[in-house]
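Peer 1: One structure, as structure tokens, below. Some questions next.
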Amino acid sequence: MPGEDIHEAVRTVLGELPDLPHLPELPGRGVIAGMTGRALALVADLGFDLQPAGWRLTDAPGVDHRRARSLLAQDLDALEERVQVGGLFEDGGELKVQVTGPWTLAATVERPRGDRLLADHGARRELAQALAEGVSEHVADLRRRVPGAALLVQVDEPALPAVLGARIPTASGFSRHRAVHPPAASEALEQVFAAIAAAGATPMAHCCAADAPIGLLRGAGARAVSVDLAVLEAAGYDDLGNALDAGDRVLLGVVPSTDPVRVPSEKQVVERILRLLDMLGFDPEGVAGQLVLTPACGLAGASPSYAREALALVRASASRIAGG
Numbered sequence: 001m002p003g004e005d006i007h008e009a010v011r012t013v014l015g016e017l018p019d020l021p022h023l024p025e026l027p028g029r030g031v032i033a034g035m036t037g038r039a040l041a042l043v044a045d046l047g048f049d050l051q052p053a054g055w056r057l058t059d060a061p062g063v064d065h066r067r068a069r070s071l072l073a074q075d076l077d078a079l080e081e082r083v084q085v086g087g088l089f090e091d092g093g094e095l096k097v098q099v100t101g102p103w104t105l106a107a108t109v110e111r112p113r114g115d116r117l118l119a120d121h122g123a124r125r126e127l128a129q130a131l132a133e134g135v136s137e138h139v140a141d142l143r144r145r146v147p148g149a150a151l152l153v154q155v156d157e158p159a160l161p162a163v164l165g166a167r168i169p170t171a172s173g174f175s176r177h178r179a180v181h182p183p184a185a186s187e188a189l190e191q192v193f194a195a196i197a198a199a200g201a202t203p204m205a206h207c208c209a210a211d212a213p214i215g216l217l218r219g220a221g222a223r224a225v226s227v228d229l230a231v232l233e234a235a236g237y238d239d240l241g242n243a244l245d246a247g248d249r250v251l252l253g254v255v256p257s258t259d260p261v262r263v264p265s266e267k268q269v270v271e272r273i274l275r276l277l278d279m280l281g282f283d284p285e286g287v288a289g290q291l292v293l294t295p296a297c298g299l300a301g302a303s304p305s306y307a308r309e310a311l312a313l314v315r316a317s318a319s320r321i322a323g324g
């Protein structure tokens, strides 16, 4: 979400998305609030610090790593306070939280002696294990804070296709890291998804790349997938059909994530989804309970007014498809 006021962001999300609210992320507050810093705040038993080139693995948590942990705790406090004041989730309901996945972290965070963790098999394996443990503890904390909510944990993997395709540049920029083969990529994801499920939450995966590896993510244990429908390649449509056929949740990015020249109408959004379902051979009434409409990606780059409009638009469009 845009802005720096977590209390306002929580109010907006809970107000606009009562059926599936989420804990907002506000990267406008700085790098410790960005998706990498946010995930490292959860990582158990590993330390990181912030260098000019970005986050780096260290022997002990640096000051910025400790600040990231503190900021996440404050955001959880804000969510818990608002939930208690509003009496939310007393009768159940879902709450979504997000964490950056192991491969995007490995492609982003540096080793102590330079270059990405992606280049070190042992380090990236240790990172996946620590992330799985940290997410498990995070889910347990959320269950205490919001006891009535069913938790959905979104694992963000925007860099996964580039990791699989050997498109991550080395530190020099003159070469690319070797491709990670699908079985190895799946192994790390399986640890994280399994930890989420064992903690009592539903694991889901988000990848807004055109070549999002939906089949790999589902095979690793994701029970819901989130994609950007505007960029998804044709091969991804079959994977979406397979997910729906298996009864999994499918989250479709159908509204621009930054202020567009012309905001799509509710009718346009609904017609687009109905065309997709017709192409895949599904009756809208039969799969309406599995579909979630979303912005194409995060709204951090949007204006506050458009962010609220985008959330209201996906909610209204989803209601029409569900016949509400």
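Per our numbering, residue 1 is the first one in the sequence shown, and the count goes up by one each step. Note that CB positions come from ideal geometry on N, CA and C, so glycine has one too.
Could you compute how far the alpha carbon of D19 sits from the alpha carbon of A246?
Peer 2: Counting from one through the sequence shown, the residue named residue 19 turns up at place 19. Counting from one through the sequence shown, the residue named residue 246 turns up at place 246. So the alpha carbons of these two residues sit roughly 23 Å apart.
Peer 1: Helix or strand or just coil, what does DSSP make of L14?
Peer 2: Translated into the one-based positions of the sequence shown, residue 14 becomes position 14. It is helical.
Peer 1: Assign G37 to one of two classes, buried (16 or more other C-beta atoms within 10 Å of its C-beta) or exposed (fewer than that).
Peer 2: Position 37 of the sequence shown, counted from the start, is the residue given in the question as residue 37. Classification for G37: buried.
Peer 1: With DSSP as the reference, please indicate the residues paired to M204 in a beta bridge.
Peer 2: Stepping through the sequence shown from its first residue, residue 204 is reached at position 204. Beta-bridge pairing links M204 to Q154.
Peer 1: Take H138 and list the residues in its own chain whose beta-carbon comes closer than 6 Å to its own, dropping the five residues that flank it on each side.
Peer 2: As a working mapping, residue 138 is identified with position 138 in the sequence shown. Same-chain partners within the cutoff: L42.
Peer 1: So what's S303 in DSSP terms, helix, strand or just coil?
Peer 2: Here residue 303 is taken as the residue at index 303 of the sequence shown, counted from 1. In the structure shown, S303 sits in coil (DSSP, three-state: anything other than H, G, I, E or B).
Peer 1: Identify every run of the alpha helix (DSSP H) within the stretch 3-72, keeping only runs that are complete inside it and at least 4 residues long; order them along the chain.
Peer 2: Listed in chain order, the complete alpha helix (DSSP H) runs (minimum 4 residues) inside the stretch 3-72 are 6-16, 35-40.
Peer 1: Classify G324: buried if its beta carbon has 16 or more other beta carbons within 10 angstroms, exposed otherwise.
Peer 2: Here residue 324 refers to the residue found at position 324 of the sequence shown. At G324 the pLDDT is 49, less than 50, meaning the model places this residue with poor confidence and gives no usable figure here.
Peer 1: Are there any heavy atoms of the ligand MN lying less than 6 Å away from the beta-carbon of A128, as far as the coordinates show?
Peer 2: Of ligands this structure carries none, so the ligand MN is not represented either.
Peer 1: So, is P52 buried or exposed, given that buried needs 16 or more other C-beta atoms within 10 angstroms?
Peer 2: For this step, residue 52 is matched to residue 52 along the sequence shown. So P52 ends up on the exposed side.
Peer 1: Select from G301, C297, L313 the residue whose C-alpha is nearest the C-alpha of V269.
Peer 2: By 1-based counting over the sequence shown, the position of residue 269 is 269. Closest by alpha carbon: L313.
Peer 1: Have a look at the DSSP bridge pairing and note the partners of V255.
Peer 2: By 1-based counting over the sequence shown, the position of residue 255 is 255. According to DSSP, V255 bridges with P295.
Peer 1: Using CA atoms only, rank isn't needed, just tell me which of P61, P112, A318, L117 is closest to W103.
Peer 2: Residue numbering aside, residue 103 sits at position 103 when the sequence shown is read from its first letter. Nearest of P61, P112, A318, L117 to W103, Cα basis: L117.
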